[in-house]
Ligand code: FAD
């Protein structure tokens, strides 16, 4: 008889695992507490504007294509375009820099904008690529905890200490190679791609620029939401069953083996369960009868975000799809977020405008602004007050960098706080990327993709190995389904 698998959660991790397990011959059922698929990869429409609610940067599109390649007869389409400019950077003193994804152009323009030595920049980008290539198969494409069984944890940790990888330095220390502090700040920003602080995360994170500037940055036609929507459509087409508005309340097990899941409505027997729910509530709510790995669960969480979705009654030709208005004191900003769990008076402001790529996302002559600042997780702060303060600070920052009072142009507004992110997706403290990487052993501390207390229970998504962000969630599904193929049942 056909083996059954239940996936808890239809985030990008759950959707991609469901597709892979279906391909392996499982009868797959997905339970989702919301009435939509996609989790953080969701969108809203408001007064003629469309806003992607979560991720805005799309890298490594081949990981999405791989899923479509599993089902070559599918009628569902997913397409994307390549971006020439990765990001447009602005500082208060008038410095502007368009980061090209053509490395030679990047080196040339950065050298002249920041009066920096060309070789220093070229060597940095070269080393970024080398670090990525040296570590990706070990840290991103395999189950680290299974690798440890044949390589030994000590060997792995010794590797981690290899000087070239820069794991004993912080990213900020690694980025002191630049004379111009603006270039250090620009490369420090990559720590935020996994919700960490550049002043704490290890120097190995200097491989992240390669993902964007080397492997390229892309825009899905129709917006980021097309990633989760097209995978959902594909899953429906191949016959995966979805049960929306049905929250799982317990994972049942007997003699240390999964037997069923209980939802708000019923109990469903199954041979295998994959939880795409954040690992913290998975232990605290769904398997309360199992001794939880507290050290893993208590790891510092990644940063969260405060986002204003503004319908703007004007257009700004100087802005790109991705724009950054940098704070004057980056170290203070991260100290506010990670040490004081609050927001800086002078935040770095990220503005994403998809109507630059998809004009239908805003009325003619208007733009849809996704305006985000990095924020601490929800620790019970007064978010109402922080939202009001931040709006003023963001407006002031835009005035200083872009010389416009944006309040005159805001026609519609929607706001998402860390609390909102947690209540939408069950992400503990509203973290964007699960645990932070503010520790050189974070990769080893992240929960594995299998459960060593309950057989046939697996974990997938941004809060477990190899980490958060769309590409890593897709890799997580790949690692998990490979493990299931080798070890389950
Ligand atoms: P989620 O998307 O959180 O999905 C989990 C799903 O499980 C949810 O649908 C939830 O409702 C469901 N669920 C939870 N508990 C239950 C239960 N008990 N029963 C049933 N269902 C349940 N990544 C990038 O690559 N690029 C970016 O630019 C980027 N920017 C981001 C900006 C923001 C504002 C946010 C929020 C995230 C961003 N990320 C970005 C991170 C990225 O969105 C996440 O890493 C990724 O989407 C997480 O996917 P997931 O499958 O692990 O979890």
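Numbering (the working numbering), first residue to last: 17 to 505. Note that CB positions come from ideal geometry on N, CA and C, so glycine has one too.
Option in the options with minimal Cα separation from residue i
i: residue 297; options: 446, 214, 210, 408; result: 446
i: residue 214; options: 365, 314, 255, 319; result: 319
i: residue 327; options: 430, 252, 133, 218; result: 430
i: residue 14; options: 112, 136, 111; result: Given a span of 17 to 505 for the chain in the structure shown, any question on residue 14 remains unanswerable.
i: residue 95; options: 489, 471, 374, 236; result: 236
i: residue 499; options: 289, 231, 62, 275; result: 289
i: residue 450; options: 427, 62, 271, 475; result: 475
i: residue 76; options: 220, 139, 232; result: 232
i: residue 138; options: 184, 344, 226; result: 226
i: residue 346; options: 118, 385, 200; result: 200
i: residue 410; options: 385, 398, 50, 330; result: 385
i: residue 241; options: 21, 50, 60; result: 60
i: residue 426; options: 382, 395, 435; result: 382
i: residue 280; options: 295, 260, 394, 291; result: 260
i: residue 330; options: 286, 424, 387, 395; result: 424
i: residue 440; options: 19, 117, 132, 49; result: 49
i: residue 394; options: 306, 377, 365, 316; result: 316
i: residue 224; options: 285, 192, 140, 255; result: 140
i: residue 198; options: 373, 501, 344; result: 344
i: residue 208; options: 192, 187, 489; result: 187
i: residue 251; options: 267, 53, 153; result: 53
i: residue 63; options: 428, 436, 456, 433; result: 428
Through-space distance from residue j to residue i, alpha-carbon basis
i: residue 148; j: residue 412; result: 38 angstroms
i: residue 265; j: residue 379; result: 43 angstroms
i: residue 459; j: residue 55; result: 24 angstroms
i: residue 506; j: residue 269; result: Outside the modelled stretch of the chain, which goes from 17 to 505, sits residue 506, for which no answer is possible.
i: residue 417; j: residue 400; result: 26 angstroms
i: residue 204; j: residue 277; result: 43 angstroms
i: residue 453; j: residue 93; result: 35 angstroms
i: residue 300; j: residue 468; result: 16 angstroms
i: residue 492; j: residue 121; result: 34 angstroms
i: residue 389; j: residue 184; result: 28 angstroms
i: residue 273; j: residue 466; result: 12 angstroms
i: residue 151; j: residue 206; result: 17 angstroms
i: residue 392; j: residue 275; result: 38 angstroms
i: residue 404; j: residue 325; result: 14 angstroms
i: residue 361; j: residue 375; result: 33 angstroms
i: residue 294; j: residue 89; result: 33 angstroms
i: residue 109; j: residue 25; result: 46 angstroms
i: residue 257; j: residue 463; result: 28 angstroms
i: residue 313; j: residue 402; result: 27 angstroms
i: residue 210; j: residue 333; result: 30 angstroms
i: residue 144; j: residue 229; result: 10 angstroms
i: residue 163; j: residue 30; result: 23 angstroms
i: residue 485; j: residue 387; result: 19 angstroms
i: residue 116; j: residue 243; result: 24 angstroms
i: residue 421; j: residue 57; result: 30 angstroms
i: residue 18; j: residue 107; result: 59 angstroms
i: residue 118; j: residue 146; result: 17 angstroms
Per-residue DSSP class, three states only, for residue i
i: residue 143; result: helix
i: residue 68; result: strand
i: residue 288; result: strand
i: residue 257; result: strand
i: residue 399; result: helix
i: residue 433; result: coil
i: residue 247; result: helix
i: residue 273; result: strand
i: residue 473; result: strand
i: residue 464; result: coil
i: residue 29; result: helix
i: residue 158; result: coil
i: residue 47; result: strand
i: residue 482; result: coil
i: residue 61; result: strand
i: residue 304; result: coil
i: residue 230; result: helix
i: residue 454; result: coil
i: residue 444; result: helix
Taking 8 angstroms as the threshold, find out whether the stretch 345 to 357 comes into contact with the stretch 206 to 226 through three or more Cβ pairs.
-> Yes: the two stretches touch, three or more of their Cβ pairs being nearer than 8 angstroms.
Would you call the stretch 335 to 347 and the stretch 96 to 115 touching, i.e. three or more CB-CB distances under 8 angstroms?
-> Because the criterion of three Cβ pairs below 8 angstroms is met, the stretch 335 to 347 and the stretch 96 to 115 touch.
How do the stretch 26 to 45 and the stretch 81 to 88 stand: do at least 3 beta-carbon pairs fall below 8 angstroms, yes or no?
-> yes
Along the chain, which unbroken stretches of the alpha helix (DSSP H) at least 4 residues long are found entirely within the stretch 321 to 382?
-> 346 to 350
Between the stretch 155 to 164 and the stretch 467 to 486, are three or more C-beta pairs nearer than 8 angstroms?
-> yes
List in chain order: all unbroken beta strand (DSSP E) runs of 3+ residues lying wholly within the stretch 69 to 137.
-> 96 to 99, 101 to 106, 112 to 116
Could you tell me which uninterrupted beta strand (DSSP E) segments, each at least 3 residues in length, are contained entirely in the stretch 191 to 226, listed from first to last along the chain?
-> Under the rule that a run must span 3 or more residues, no beta strand (DSSP E) segment is found entirely inside the stretch 191 to 226.
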